[in-house]
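Residue numbers (full-length UniProt numbering): 1 to 253. In this text, a Cβ means the ideal position worked out from N, Cα and C, and glycines have one as well. Treat the numbers as computed from the prediction; the structure is a model and nothing was measured. For reference, the structure is listed below as structure tokens.
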């Protein structure tokens, strides 16, 4: 395929819209290595019909709905306006109340309000988290560490491509939770492989995950993308390394 045809195809990927936190359009186009823990199973193990729970940064609410959480006792926060509007239209039918929150250090809930707070790939304030948890309440989080896709971003864009903290990882997060008075009960960290099976999938991904690929565009990175296309034709994929960690913590009774 000639270069200009590739540019045309990649530009179409660049222009695609994205809402919620739904990457289903990449099904069959990327391959993610499984994590050695099961975030959903850990959440379900602490859920009950009587618990009051919060999902921080729920995205489009897709994962939260999959849990079938207790109706009338489940809350969600979301900052991104399109996602918030989507949640506001969808989640109330599932007995979930959604609130728009822009400041992690100021959650619109009373002290000791939640039995369970879950957080997948969303920022949080440890002090505010400790405040809103009931004594004996649980916090379960899966986070994206600071080394996530860093090597690929650096190769494409240089150091300016990553706007995240390179040192953010399990040890830092566990230490901060402990200082805030929570007990870390379980902790894991892993660096799974992410394989792109076509370069258009990488283009779409880089445009959505803009904080890891700041300033990315097909035109700016075209020569690098062509190099990756050759690598893909030779190796069958282009590989990146992700960074994930998982913590289960509890507020003392």
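Here the C-alpha atom of residue 3 lies approximately 10 angstroms from the C-alpha atom of residue 10.
Excluding sequence positions up to five before and after residue 174, its CB lies within less than 7 angstroms of the CB of 184, 187, 247, all in the same chain and listed in chain order.
Bridge pairing for residue 55: 76, 118 [DSSP]. In this model, residue 32 and residue 197 are separated by some 11 angstroms (Cα to Cα).
Contact between residue 232 and residue 30 does not hold, since the beta-carbon distance rounds to 12 angstroms and is not under 8 angstroms. Look at the region 176 to 227 and you find these whole runs of beta strand (DSSP E), each 3 residues long or longer: 183 to 190, 193 to 196. Judged by DSSP secondary structure, residue 11 falls within the alpha helix (DSSP H) whose first and last residues are 3 to 15. If you look at residue 31, you'll find it isn't in any alpha helix (DSSP H); it sits in the beta strand (DSSP E) that goes 30 to 32. Ranking 13, 111, 69 by CA distance to the CA of residue 40 puts 69 first.
If you ignore the 5 residues before and after residue 150, its C-beta comes within less than 6 angstroms of the C-beta of 162, all in its own chain and listed in chain order. Contact between the region 58 to 77 and the region 223 to 230 is absent, with fewer than three C-beta pairs closer than 8 angstroms. For residue 100, the enclosing beta strand (DSSP E) covers residues 96 to 100. Restricting attention to 94, 62, 45, the CA atom closest to the CA of residue 71 is found in 94.
Here residue 155 carries a helix assignment [DSSP, helix/strand/coil]. By the criterion of a C-beta distance shorter than 8 angstroms, residue 25 is surrounded in its chain by 16, 204, once the five residues flanking it on both sides are discounted. In summary, residue 178 is exposed, with fewer than 16 beta-carbon neighbours lying within 10 Å of its beta-carbon over all protein chains present. Comparing alpha carbon positions, the residue from 23, 7, 8 closest to residue 209 is 23.
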